[in-house]
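Asker: So the sequence shown is numbered by our numbering: it starts at 8 and just counts up by one.
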Amino acid sequence: MREEPNRLDDFAHRTRAVATTAVTGVAVIALFAALTVVPPRSGAHDTPAVADATTSEQASARQTLSYCPAAMTIADTASYGDEEFRTSTGDLASARRYAAFGSVFHAQVDRLGADGSSDGLVLEGARDAEGSDVFIAGQDKAADAAILDTRLLSAADGTGSTGAVASWATTGDIPGIAAASCVTPALVQRFLVPSTTTGNTQQLVVVNPSDKPTSVDIAIWGTEHGRITPATSSVLTVGADGSADMLLNAAAPDEQGLYVSVTSRDAAVGAIVRSVAIDGLTPHGNDYVAPLDAAATTQTIMLPDGDATTTLSAYADKDATITLSWMSDHGLVDIGRLDAHAGKVTLKELKDRPKDAHAILAQSDTPCTLAAQSTVEGADGQRDYAVIGAHAAYAQSALALPNGTDATIALANMGEKGATITFTGYDGKGEQSGTKRVKVDADSSTTLDAADLGGVVAAIRVDDADATIVWGAFPTNATLRDAKTAALAYVPATSLDVPRQLVHAFNDPGIVR
Numbered sequence: 008m009r010e011e012p013n014r015l016d017d018f019a020h021r022t023r024a025v026a027t028t029a030v031t032g033v034a035v036i037a038l039f040a041a042l043t044v045v046p047p048r049s050g051a052h053d054t055p056a057v058a059d060a061t062t063s064e065q066a067s068a069r070q071t072l073s074y075c076p077a078a079m080t081i082a083d084t085a086s087y088g089d090e091e092f093r094t095s096t097g098d099l100a101s102a103r104r105y106a107a108f109g110s111v112f113h114a115q116v117d118r119l120g121a122d123g124s125s126d127g128l129v130l131e132g133a134r135d136a137e138g139s140d141v142f143i144a145g146q147d148k149a150a151d152a153a154i155l156d157t158r159l160l161s162a163a164d165g166t167g168s169t170g171a172v173a174s175w176a177t178t179g180d181i182p183g184i185a186a187a188s189c190v191t192p193a194l195v196q197r198f199l200v201p202s203t204t205t206g207n208t209q210q211l212v213v214v215n216p217s218d219k220p221t222s223v224d225i226a227i228w229g230t231e232h233g234r235i236t237p238a239t240s241s242v243l244t245v246g247a248d249g250s251a252d253m254l255l256n257a258a259a260p261d262e263q264g265l266y267v268s269v270t271s272r273d274a275a276v277g278a279i280v281r282s283v284a285i286d287g288l289t290p291h292g293n294d295y296v297a298p299l300d301a302a303a304t305t306q307t308i309m310l311p312d313g314d315a316t317t318t319l320s321a322y323a324d325k326d327a328t329i330t331l332s333w334m335s336d337h338g339l340v341d342i343g344r345l346d347a348h349a350g351k352v353t354l355k356e357l358k359d360r361p362k363d364a365h366a367i368l369a370q371s372d373t374p375c376t377l378a379a380q381s382t383v384e385g386a387d388g389q390r391d392y393a394v395i396g397a398h399a400a401y402a403q404s405a406l407a408l409p410n411g412t413d414a415t416i417a418l419a420n421m422g423e424k425g426a427t428i429t430f431t432g433y434d435g436k437g438e439q440s441g442t443k444r445v446k447v448d449a450d451s452s453t454t455l456d457a458a459d460l461g462g463v464v465a466a467i468r469v470d471d472a473d474a475t476i477v478w479g480a481f482p483t484n485a486t487l488r489d490a491k492t493a494a495l496a497y498v499p500a501t502s503l504d505v506p507r508q509l510v511h512a513f514n515d516p517g518i519v520r
């Protein structure tokens, strides 16, 4: 790793924002904090005396934070009743992996609440064949939540970090696999959550990586009653460098699905939902439910290989008509229409999936949010499921594969013409393990094995693809295959594009009075 440049020596540990103000008698430069730009007020004063004395500069964050969830668990682990009826996590194992790419000078992982620990896990790496820096680290256990703190040299293309967690078991009450990518904290995060009927547990976990406490408002909409007044409190207080949780199945029981909005008042928070389903004594799956992308009118949802059944959930503020299509190897196959009702979660079970369909294309007349719950069957009634949100296409993106997992990569081309994508794999030391070029027809999808990129692949990156490609990984491992345990999980690709904002400076003599 390279030494930290002098211009950043005065950074405090985990600085959450950078603010710069310059005021003179004739000029004011816009305040900016990390990624937020406050534009000059319009109409507050007369037109500037020198109309052409305006300059613009591009501003971007020099630090990014990601919340990486702890291992999957059962919300209620109390020991009561006969032993054979007590809940158990069985032979649960977990792991995490982190990767940073591009113009990065330091990336480190600390346990949530470590409070400036100097012994955090530092990502190490090398320069790849294209001259880009690649830093990778892994953890064999994910007992506690963690924060990935990445310091950037610049917001150059292809710069950013990603991480992923996976938990798996072959015995106990949560057999199968659950996985998620690390979450970028935000003031507002939204979720489409599975059923809250008997046997289903939906535990919302909110973490606050900042150095000040915050209050979080929880708003819920269901399939039956629209906007729901929670049976429990609708406000969570989350301490600095701390976490809090809420059982959504207690707050809004007996719904077939929920749309949940998490709004923080004072600090950006990370959130995830731990979803577990049990029918009597038979496990019916578990997964992390990740925050949704912004509502959109054209969206793609990736699908696993095999005989998974899929139910689509949708939410829109206004009535929306959604046209659905399978994305096969060679174009679109019509599914039909989903009418989403304003202010309610709407469900649709998808049937007759073509064998070569690896994604769903959804096009709507008004912005909406979508997620799919795909389920696979195992022996003796055991099931596992993955909750897969709709995701945007990125020109440059990456994902990490947790230690001890391999994966199938699914990709879809939303464009109107064919595309060729180059995938690059990296091992645990940040060295290239292999590359593979994949051709995808217009409005089509395909898959490849992560093993095609080398032996043990720790991270995968796509550089300079058409901005019409959506992709992600379905991880599993030999332990689950050998035990013949039904297992399904999904990790989406993360954009390697540091958001930029344009900052304007202008003459305004009227501001000094």
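Just so you know, even glycine gets a beta-carbon here, dropped at the ideal spot from N, CA and C.
1. Is the beta carbon of A480 sitting closer than 8 Å to the one on A414?
2. Considering only residues of the same chain and omitting the five flanking positions on each side of A400, which have a CB-CB separation below 7 Å?
3. What are the start and end residues of the alpha helix (DSSP H) that includes T486?
4. Would you check if the segment 149 to 164 and the segment 259 to 274 touch, i.e. whether three or more CB-CB distances between them fall below 8 Å?
5. From the DSSP output, in three-state form, read off S86 for me.
6. Could you please give the first and the last residue of the uninterrupted alpha helix (DSSP H) stretch that includes L255?
7. If you reduce the DSSP assignment to three classes, tell me which class D459 lands in.
8. Going by the DSSP bridge assignment, what does Y524 pair with across the sheet?
9. Can we say the segment 388 to 399 touches the segment 296 to 312, given the rule of at least three CB pairs closer than 8 Å?
10. Looking at C-beta atoms only, is the number of pairs between the segment 356 to 368 and the segment 278 to 290 that lie closer than 8 Å three or more?
11. For G292 versus R390, is the C-beta distance shorter than 8 Å?
12. Who are the near neighbours of P290 in its chain, counting only those whose CB is closer than 6 Å to its CB and skipping five residues on each side?
13. How is A386 classed by DSSP in three states: helix, strand or coil?
14. Buried or exposed, going by whether 16 or more other CB atoms sit within 10 Å of the CB of P76?
15. Suppose the cutoff is 7 Å on Cβ atoms and the five residues either side in sequence are ignored; what does the same chain contact list for P192 look like?
16. Going by DSSP, which residues form a beta bridge with H113?
17. In whole angstroms, what separates the C-alpha of V33 from that of T61?
18. Measure the CB-CB distance between T373 and A323 and report whether it falls below 8 Å.
19. Touch check for the segment 112 to 122 and the segment 144 to 159: three-plus C-beta pairs under 8 Å?
20. Bridge partners for Y295 per DSSP, in chain order?
21. Below 8 Å between beta carbons: does that hold for A494 and T483?
22. In terms of residue numbering, what span does the beta strand (DSSP E) encompassing D224 cover?
23. In angstroms, rounded to a whole number, what distance separates the CA positions of R581 and V172?
24. L468 and F108: beta carbons closer than 8 Å?
25. Going by the DSSP bridge assignment, what does D140 pair with across the sheet?
26. In angstroms with no decimal places, state the Cα-to-Cα distance between Q196 and V212.
27. What are the boundary residues of the beta strand (DSSP E) that includes M309?
28. On the criterion of 16 or more Cβ atoms from any shown chain inside 10 Å, does Q209 qualify as buried, or is it exposed?
29. Could you tell me which of T236, L194, A259, Q263 sits nearest to S223, measuring between CA atoms?
30. Could you tell me which whole beta strand (DSSP E) segments of length 3 or greater appear in the segment 159 to 206?
31. Leaving out five residues before and five after S371 in sequence, what residues of the same chain have Cβ atoms less than 6 Å from its Cβ?
32. With C-beta atoms as the reference, is A490 less than 8 Å away from T177?
33. What are the uninterrupted segments assigned as beta strand (DSSP E) that are 3 or more residues long and contained completely in the segment 331 to 368, given in chain order?
34. Among G167, T316, G441, L99, which one has its Cα closest to the Cα of A405?
35. If you measure between the beta carbons of T78 and S95, is that distance less than 8 Å?
36. From what residue to what residue does the beta strand (DSSP E) around R103 run?
Answerer: The answer reads as follows:
1. yes
2. M421, A474, T475, I476, V477
3. 485 to 489
4. no
5. Legend: pLDDT at S86 = 44, less than 50; position of this residue unreliable, value from coordinates given subsequently. Coil.
6. 255 to 258
7. helix
8. Within the shown structure, residues of the chain are numbered from 8 to 520, placing residue 524 beyond reach of any answer.
9. yes
10. no
11. yes
12. D180, P182, Q389
13. helix
14. buried
15. L72, Y74, P216, A275, V276, G277
16. R158
17. Per-residue confidence for V33 stands at a pLDDT of 32, beneath the threshold of 50, marking its modelled position as unreliable; the derived number appears in the next sentence. For V33 and T61, the distance between alpha carbons rounds to 12 Å.
18. yes
19. yes
20. R281
21. yes
22. 221 to 229
23. What is shown of the chain runs 8 to 520, which leaves residue 581 out entirely.
24. Checking the sequence, you will find Arg at residue 468 rather than Leu. In this structure, F108 lies closer than 8 Å to R468 by Cβ.
25. R134
26. 12 Å
27. 303 to 309
28. buried
29. Residue 223 is actually Val in this sequence, not Ser. Of the listed residues, the one whose Cα sits closest to V223 is L194.
30. 167 to 176, 183 to 188, 195 to 200
31. T304, A327, I329
32. yes
33. 338 to 347, 353 to 357
34. G167
35. The identity of residue 78 in the sequence shown is Ala, whereas the question assumes Thr. Their beta carbons are not under 8 Å apart, which means A78 does not touch S95 by this criterion.
36. 100 to 108
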